[in-house]
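Residue numbers (this note's numbering): 112 to 261.
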């Protein structure tokens, strides 16, 4: 288990967000759902869940803070099919951005990238970066072709 546990400040949607993510990742589960029993957050929830071995906590804490693209979670994908899967599932109800970035329906930013991107960048960084910057959803074949340019 990692010593790092991301905490997601949600505005009344902690349980819905956790269930959404657990439904997408194949190796995922809800660990606990706890009601906050007192104070201004009474009736809200704290949800612990796990995605691919990384534990998260989502908690209902009101509208005081919002998610921004300044912090994102990267998913290093082994195939175009895996990129397509996460792009479709996490993008439902969200917004897509440049270079494989998207913001999901809860405001969390994700980078859906090929695991081989660092290797491709080592081969021909300028051409790969130019191709990458022109993409919304990543196309591995186009990045591989760019890496092979002389």
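Each residue gets a CB set at the ideal place from its N, CA and C atoms; glycine is no exception.
Nothing here was measured: the structure is a model prediction, and the numbers come from that model.
If you run the structure through DSSP and keep just helix, strand and coil, what is residue 227?
coil
With DSSP run on the structure shown, which of helix, strand or coil describes residue 115?
coil
Could you tell me which residues DSSP pairs with residue 120 in its beta bridges?
170
Terminal residues of the continuous beta strand (DSSP E) containing residue 156?
156–162
Beta-carbon proximity list for residue 158, same chain, < 6 angstroms, skipping 5 on both sides
125, 126, 129, 144, 169
Could you check what DSSP says for residue 219 in three-state terms: helix, strand or coil?
coil
Buried or exposed for residue 134, going by 16 or more other Cβ atoms inside 10 Å?
exposed
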